[in-house]
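Asks: Below are the structure tokens for one structure; questions will follow.
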């Protein structure tokens, strides 16, 4: 009987080693895909060829504009979603929302200045108890508030935001 248990354990151990019994965090792209209000962002990432980067090792922090934020940005700039997703500046626009390193909401302190993948700087702010981000651009799309923080990913973290942060060169 003891030999049977040892043999059974020896046979099952390799099978169990290949299984993910506890679940693992999705990649940033998978985390974004799982959120029903981030469809425009997902499409934009694919269109701008940033999936490989955001599926990479990282870690990254993504400040993810919701679909409503993209709709407001498109209306504010008098462009359609199709024009937005086809813009030659799309990659630059998206890179304003990505920071190298994993920054949880707790890590973001008022006054901190963080540099994005495209070299823009974001300043961490607070208003009415919510953490926000401001770009150096004084335009209407220069700030956003974090609405859903700390969506964990295996290669970083995603924070939903209520605005689109425009790069200063657009």
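In our numbering, the protein residues as written are 83 to 252. We put the beta carbon where it would ideally sit given N, CA and C, even for glycine. Nothing here was measured: the structure is a model prediction, and the numbers come from that model.
Answer yes if the segment 173-191 comes into contact with the segment 117-137, meaning at least three C-beta pairs across the two stretches below 8 Å, and no otherwise.
Replies: yes
Asks: Looking at the structure shown, is residue 225 part of a helix, part of a strand, or coil, going by DSSP?
Replies: strand
Asks: Just mark residue 116 as buried or exposed, buried being the case when its beta carbon has 16 or more other beta carbons within 10 Å.
Replies: exposed
Asks: As a quick exercise: from 120, 122 and 137, pick the residue whose alpha carbon is nearest that of residue 111.
Replies: 137
Asks: At what residue ranges does the segment 108-159 contain a whole run of the alpha helix (DSSP H), taking only runs of 4 or more?
Replies: 110-116, 121-129, 133-137 and 149-158
Asks: In the structure shown, what three-state DSSP assignment does residue 168 receive?
Replies: Three-state result, residue 168: helix.
Asks: Tell me residue 216's beta-bridge partners as DSSP assigns them.
Replies: 205 and 225
Asks: Cutting at 8 Å between CB atoms, please list the residues of its own chain near residue 109, excluding the five before and the five after it.
Replies: The beta carbon of residue 109 is closer than 8 Å to those of 136, 137, 235, 236 and 237 in its chain, skipping five residues each way along the sequence.
Asks: Mind checking who residue 180 pairs with in its DSSP beta bridge?
Replies: 144
Asks: If residue 225 and residue 245 are in contact, beta carbons under 8 Å, what's the gap, nearest whole angstrom?
Replies: 6 Å
Asks: Count the other CB atoms within 10 Å of the CB of residue 195; is the residue buried (16 or more) or exposed (fewer)?
Replies: exposed
Asks: Here's the rule I'm using: 16 or more other beta-carbon atoms within 10 Å means buried, otherwise exposed. How should residue 243 be labelled?
Replies: buried
Asks: Is the beta carbon of residue 213 closer than 8 Å to that of residue 228?
Replies: yes
Asks: Name the residue from 140, 183 and 152 whose alpha carbon lies nearest to the alpha carbon of residue 122.
Replies: 152
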